[in-house]
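A.B. asks: Dropping the structure in here first, questions after.
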Ligand code: GAP
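Quick look at the structure:
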């Protein structure tokens, strides 16, 4: 069993992640988070928010709607260019992303380049392809009770535009000094041609993005600063092994239409290296386009110098699912069956158990300890099933750092056993000292 299979199996067995609409056989590119998955995901998102927004004075939060005025996507270029090359096998009618069918191709692959490679269809093995056409990945919907072009709208493909359309509101409401950022977390939707690799390429994902507005002359320094800060976040807050993180300077022909410089943060996942997140210099591309589409000025006036200019933007952007899988796969010790999550991210901080379920005096004392810790730490679980070894095994698998056991000595001297997930060491302490 490969490590990714082992993680998918752990996720389902312990209630981290289930296939979307599982009861109906799933729905490609969708995944549902179960009780423990919600807790871990929330811890990741809250830690990100606390690190980038709450603990800083220069980054403001927004929570914009998913369905936006369609002019947003005209202005941003998504209506025209947010597309992947789609190719259909004429023999079995399977549809694929052309650039993913052979090594060395990119999104701009032409029919002639593709033909030369004599690629075989991954489903039926034939080399009988139709022409490549660009497939726009935005999900369409209709707003209000009327179908047709007039009511056409899109589910946002990135949270970034919810930030850009609020730039002027925030400048007017908060008078920020430049450089400043606007952050948003939320759902983004992409009609991926080939969703794949568990939660790495979904049709519905959760993004955490910051648009950092800077003076055009300072973008290079600010870019380096955000790159360093992102590394610190990944290492110190997410607990990632930085040997698995690789910065890749994205070549011009592979960059998104809006970017003049992009660094991809690649992560060594169990199935190989994949993009975890990106840091992009978006220039004044978005604000200029909004200015053009809305007819409203996007100028920022510097309070100190009086200079007016349209700010340039640097964007750290990460998908929660990709960060979730990086954290989970990095923490998962498959051989020992232990999930070594950093304490700040673990769903539960403590598990409390009476040594024996059928001894009322142990159960009563354990309930007192449970209440004490629950009031103090909230994220505390109770387990009195099976024997103590089985309980440890289960808590190891879900990443609980400490198991507390109430035994007969507790009744004598008030101390409890504290068993450490990573070392299996056991010590005795008074519950009040935890
Ligand atoms: N606003 C810029 C933007 O959306 P992107 O590189 O297309 O740029 C940013 O996406 C991040 O969002 C990616 O690095 C990845 O972490 C996440 N992401 C994008 N598409 C995804 C998908 N289909 N499934 C899961 N995560 C995705």
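Numbering (our numbering), first residue to last: 48 to 481.
Even glycine gets a Cβ: it sits at the ideal position worked out from N, Cα and C.
(1) Where does the unbroken beta strand (DSSP E) through residue 400 begin, and where does it stop?
(2) Quick one: is residue 459 buried, meaning 16 or more other Cβ sit within 10 Å of its Cβ, or exposed?
(3) Tell me, which residues are paired with residue 324 by DSSP?
(4) Compute the minimum distance between the beta carbon of residue 325 and the heavy atoms of ligand 1, and state whether it is under 8 angstroms.
(5) To the nearest angstrom, report how far apart residue 447 and residue 397 are at their CA atoms.
(6) From residue 78 to residue 236, what does the alpha carbon distance come to, in whole angstroms?
(7) So, at 6 angstroms on beta carbons, what are the nonlocal neighbours of residue 457 in its own chain, with the 5 sequence-adjacent residues on each side left out?
(8) How far does the alpha helix (DSSP H) with residue 120 in it reach, from first residue to last?
(9) Let me know the secondary structure DSSP gives residue 438 once reduced to three states.
(10) Inspect the beta-carbon positions of residue 452 and residue 466 and report whether they are closer than 9 angstroms.
(11) Does the distance from the C-beta atom of residue 307 to that of residue 330 stay below 9 angstroms?
(12) Measuring CB to CB, does residue 207 end up less than 9 angstroms from residue 256?
(13) Compare the C-alpha of residue 332 against each of 125, 131, 109, 82 and name the closest.
(14) Looking at C-alpha atoms only, which residue of 63, 99, 104, 354 is the closest neighbour of residue 488?
(15) Is any heavy atom of ligand 1 found at a distance shorter than 8 angstroms from the C-beta of residue 66?
(16) Put residue 285 into one of helix, strand or coil per three-state DSSP.
(17) Would the C-beta of residue 87 count as close to ligand 1, meaning under 8 angstroms from any of its heavy atoms?
(18) Once you ignore the five residues that flank residue 48 on each side, which residues in its own chain have a CB closer than 7 angstroms to its CB?
(19) With distances taken from CA atoms, which of 122, 121, 167, 129 is nearest residue 139?
(20) Could you tell me the alpha carbon to alpha carbon distance between residue 60 and residue 291, rounded to whole angstroms?
(21) Tell me, please, which residues DSSP counts as bridged to residue 429.
(22) Is it the case that the CB of residue 365 approaches a heavy atom of ligand 1 more closely than 8 angstroms?
(23) Do three or more CB pairs link the stretch 380-395 to the stretch 403-412 at distances below 8 angstroms?
C.D. replies: Taking the geometry as given:
(1) On the chain shown, position 353 is the one that residue 400 refers to. Looking at the DSSP string, the run of the beta strand (DSSP E) that includes residue 400 is 397-401.
(2) Within the chain shown, numbered from 1, the residue matching residue 459 stands at position 412. Exposed is the call here.
(3) For the purposes of this step, residue 324 is identified with residue 277 of the chain shown, where counting begins at 1. According to DSSP, residue 324 bridges with 312, 365.
(4) In the chain shown, residue 325 corresponds to position 278, counting from 1. Residue 325 Cβ: within cutoff of ligand 1.
(5) Position 400 of the chain shown holds residue 447. Position 350 of the chain shown holds residue 397. Each residue's Cα considered, the two are about 6 angstroms apart.
(6) Numbered from its first residue, the chain shown carries residue 78 at position 31. Numbered from its first residue, the chain shown carries residue 236 at position 189. Answer to the nearest angstrom: the Cα atoms are 13 angstroms apart.
(7) Here the question's residue 457 lines up with position 410 in the chain shown. Only 412, 463 meet the Cβ criterion.
(8) Looking up residue 120 in the chain shown gives position 73. Residues 118-123.
(9) Position 391 of the chain shown, counted from the first residue, corresponds to residue 438. DSSP places residue 438 in helix when its eight states are reduced to three.
(10) For this step, residue 452 is matched to residue 405 along the chain shown. For this step, residue 466 is matched to residue 419 along the chain shown. In contact: residue 452 and residue 466 (Cβ atoms closer than 9 angstroms).
(11) One-based indexing of the chain shown puts residue 307 at position 260. One-based indexing of the chain shown puts residue 330 at position 283. Yes, these two residues count as a Cβ contact at 9 angstroms.
(12) Here residue 207 refers to the residue found at position 160 of the chain shown. Here residue 256 refers to the residue found at position 209 of the chain shown. Yes.
(13) Along the chain shown, read from residue 1 onward, the residue named residue 332 stands at position 285. Out of 125, 131, 109, 82, 125 has the C-alpha closest to the C-alpha of residue 332.
(14) The first residue shown for the chain is 48 and the last is 481, placing residue 488 beyond what the model contains.
(15) As a working note, residue 66 is residue 19 in the chain shown. It does not: the Cβ of residue 66 is nowhere closer than 8 angstroms to a heavy atom of ligand 1.
(16) Taking the chain shown and counting its residues from 1, one reaches residue 285 at position 238. Reduced to three states, the DSSP call for residue 285 is coil.
(17) One-based indexing of the chain shown puts residue 87 at position 40. Incorrect: residue 87 has no Cβ contact closer than 8 angstroms to ligand 1.
(18) Against the chain shown, residue 48 aligns to sequence position 1. Only weak support exists for where residue 48 lies, its pLDDT of 40 falling under 50; the value from the coordinates is given anyway. Nothing meets the Cβ criterion.
(19) Sequence index remark: in the chain shown, residue 139 carries index 92 (1-based). For residue 139, the nearest C-alpha among the options comes from 167.
(20) In the chain shown, residue 60 corresponds to position 13, counting from 1. In the chain shown, residue 291 corresponds to position 244, counting from 1. Going from the Cα of residue 60 to the Cα of residue 291 covers about 26 angstroms.
(21) Taking the chain shown and counting its residues from 1, one reaches residue 429 at position 382. The partner list for residue 429 (beta bridge, DSSP) reads 399.
(22) As a position in the chain shown, residue 365 is number 318, starting the count at 1. Checking the Cβ of residue 365 against ligand 1 gives yes.
(23) no
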